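Asker: Take the sequence shown: its letter number 48 is residue 48 in the numbering used here, and every next letter is one higher.
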Amino acid sequence: MFRTFRSHHLKVTLLIAAVGCLWSVGATDTSKVPLADGFDYPVGKPDGQGYYVFRGYWPNGHLGEDWNGNGGGNTDLGDPVYAIGDGLVVFSEDYLRGWGNVIIMRHAYREADGQVQFIDSLYGHLDRREVKVHDVVKRGQQIGTIGTAHGKYYAHLHFEIRKNLKIGMARNSFDKGFSSYHSPRVFINAHRKLRPENRWHPVPINSFGHAESPQTPGQSAPTEIRVPKKEERDPQKNGNLDDELERILEENRKIPEVTDEEMDGFWKKLKTKLKTKREAR
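In structure tokens form, the structure reads like this:
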């Protein structure tokens, strides 16, 4: 009888230990989110109405898209920012270092081949954050407002879509090409509508690499150039300025690595060149 009791006690102990391990792994390494039924634009939902992309994505250069209101300048300051799809908030913090308030969401979705894939969407330079880590957020739900990264920039949304779930705020530690990033509008346009499944799927969490400590606002770099109104980049009103901009951007896409200082210099030169062309007409 004693032997039977001891055997039973051992089984219960092992069972409790196993459950404890599973709970620990689940709580630390995975969570569950609804499978996304599609993705929309992060501003002017669902189609970006009233906004345009001032600076787009290119590998090893600008790793996301800068979305601006059609009025340019700070006219979009405080405008709502929306979750592009159902997902889980995995980062929500005032990161300071040229970023301001940042939110990162993790999404699970099913590709056409039937495989479930994951992406992170990043929303930077926010004036206000309205969600916290571990919040499950629905597509089109407001998560924050457009900001200036504590006055470093004119108001706009910096928006990224990552394939690599380890990046977090440690971008310099990872490849900056298409192996780690999607071109945001290309991805969204290809996944606007997905088959609704009404089911939840586990996603990895706590996956980020080590990030540098954020700076204080006083250590920020100089303010970037004025964000023009959309009509100032309208080819019908300004000849081939858009073509010239695209040509210059294409040249700079060939740069293997672009530092913040190089980017500041590039945009200053671009501003001067476009201003000279306007004055010459």
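Quick reminder that beta carbons are idealized off the backbone N, C-alpha and C, glycines included. All of these numbers come straight from a predicted model, not from anything done at the bench.
Between R110 and H191, what straight-line distance do the alpha-carbon atoms span, to the nearest angstrom?
Answerer: As a working mapping, residue 110 is identified with position 110 in the sequence shown. As a working mapping, residue 191 is identified with position 191 in the sequence shown. Spanning the two alpha carbons is a distance of roughly 10 Å.
Asker: Looking at C-alpha atoms only, which residue of R106, P202 and G48 is the closest neighbour of R162?
Answerer: Numbered from 1 along the sequence shown, position 162 holds the residue referred to as residue 162. Of R106, P202 and G48, the residue nearest in Cα terms is R106.
Asker: As an exercise, report each continuous alpha helix (DSSP H) stretch of at least 4 residues that is fully enclosed by the stretch 141 to 183, in chain order.
Answerer: none
Asker: Classify N70 as helix, strand or coil using the three-state DSSP reduction.
Answerer: Your numbering for residue 70 matches position 70 in the sequence shown. Of the three classes helix, strand and coil, the one that applies to N70 here is coil, per DSSP.
Asker: Quick one: is R55 buried, meaning 16 or more other Cβ sit within 10 Å of its Cβ, or exposed?
Answerer: Along the sequence shown, read from residue 1 onward, the residue named residue 55 stands at position 55. Per the 10 Å Cβ criterion, buried.
Asker: Considering just the uninterrupted stretch of the alpha helix (DSSP H) at D29, what are its terminal residues?
Answerer: The residue given as residue 29 occupies position 29 in the sequence shown. Start and end: F2 to D29.
Asker: Can you tell me whether L122 is helix, strand or coil according to DSSP?
Answerer: Here residue 122 is taken as the residue at index 122 of the sequence shown, counted from 1. Correct three-state label for L122: strand.
Asker: Taking 7 Å as the limit between beta carbons, can you name the residues of its chain near E289, skipping five residues before and five after?
Answerer: Residue 289 lies beyond the stretch modelled for the chain, which goes from 1 to 281, so this question has no answer here.
Asker: So does the stretch 29 to 39 actually touch the stretch 81 to 97, counting three or more Cβ pairs closer than 8 Å?
Answerer: yes
Asker: Please go through the same chain and pick out, in chain order, the residues whose beta-carbon is closer than 6 Å to the beta-carbon of E197, but skip the five residues on each side of it.
Answerer: Taking the sequence shown and counting its residues from 1, the one referred to as residue 197 is at position 197. Correct list, in chain order: L35.
Asker: Cβ atoms of F118 and V203: under 8 Å apart, would you say?
Answerer: In the sequence shown, counting from the first residue as 1, residue 203 sits at position 203. In the sequence shown, counting from the first residue as 1, residue 118 sits at position 118. Closer than 8 Å, so yes.
Asker: Using 10 angstroms around the beta-carbon of S121, count the other beta-carbons present and answer buried if the total reaches 16, otherwise exposed.
Answerer: Indexing the sequence shown from 1 puts residue 121 at position 121. The residue is buried, with at least 16 neighbouring Cβ atoms inside 10 Å.
Asker: Note the first and the last residue of the continuous beta strand (DSSP E) segment covering R55.
Answerer: For the purposes of this step, residue 55 is taken as the residue at position 55 of the sequence shown. Start and end: Y51 to R55.
Asker: If you run the structure through DSSP and keep just helix, strand and coil, what is K273?
Answerer: By 1-based counting over the sequence shown, the position of residue 273 is 273. Correct three-state label for K273: helix.
Asker: Do you know how far the Cα of A149 is from the Cα of L77?
Answerer: Counted from its first residue, the sequence shown places residue 77 at position 77. Counted from its first residue, the sequence shown places residue 149 at position 149. Each residue's Cα considered, the two are about 11 Å apart.
Asker: Could you give the distance in angstroms between the alpha-carbon of G61 and the alpha-carbon of W200?
Answerer: Residue numbering aside, residue 61 sits at position 61 when the sequence shown is read from its first letter. Residue numbering aside, residue 200 sits at position 200 when the sequence shown is read from its first letter. Each residue's alpha carbon lies about 35 Å from the other.
Asker: Which residue or residues does DSSP assign as beta-bridge partners of R106?
Answerer: Within the sequence shown, numbered from 1, the residue matching residue 106 stands at position 106. Answer by DSSP bridge pairing, in chain order: L88 and D120.
Asker: Mind checking G98: buried by the 16 CB within 10 Å criterion, or exposed?
Answerer: Within the sequence shown, the letter at position 98 stands for residue 98. That one is buried.
Asker: Shortest alpha-carbon distance to G140 belongs to which of T276, G73 and Y41?
Answerer: To locate residue 140, count along the sequence shown from 1; it is residue 140. The shortest Cα separation from G140 among T276, G73 and Y41 belongs to Y41.
Asker: Going by DSSP, which residues form a beta bridge with W200?
Answerer: Here residue 200 refers to the residue found at position 200 when the sequence shown is read from its first residue. P34, per the DSSP bridge assignment.
Asker: In angstroms, rounded to a whole number, what distance separates the CA positions of I188 and N206?
Answerer: One-based indexing of the sequence shown puts residue 188 at position 188. One-based indexing of the sequence shown puts residue 206 at position 206. For I188 and N206, the distance between alpha carbons rounds to 25 Å.
Asker: At the level of alpha carbons, what is the spacing between Y153 and A112?
Answerer: Translated into the one-based positions of the sequence shown, residue 153 becomes position 153. Translated into the one-based positions of the sequence shown, residue 112 becomes position 112. Approximately 39 Å between the Cα atoms of the pair.
Asker: In the DSSP assignment, the beta strand (DSSP E) including V81 goes from what residue to what residue?
Answerer: Here residue 81 corresponds to residue number 81 of the sequence shown, with the count starting at 1. It spans P80 to Y82 - the beta strand (DSSP E) in which V81 sits, taken as one unbroken run.
Asker: To the nearest angstrom, how far is it from the Cα of K176 to the Cα of L63?
Answerer: Within the sequence shown, residue 176 is the residue found at index 176, counting from 1. Within the sequence shown, residue 63 is the residue found at index 63, counting from 1. Using only the alpha carbons, I get a separation of about 7 Å.
Asker: Would you list the one or two residues that DSSP bridges to V136?
Answerer: The residue given as residue 136 occupies position 136 in the sequence shown. Bridge partners of V136: L88.
Asker: Considering only C-alpha positions, which residue in the set E93, F178 and F208 is nearest to P59?
Answerer: In the sequence shown, the residue the question calls residue 59 occupies position 59. Cα-wise, what sits closest to P59 is F178.
Asker: To which residues of the same chain is N74 closer than 8 Å at the C-beta, ignoring the five residues directly before and after it?
Answerer: Along the sequence shown, one-based indexing puts residue 74 at 74. Excluding residues within five positions, the ones whose Cβ falls inside 8 Å are T148, Y154 and A155.
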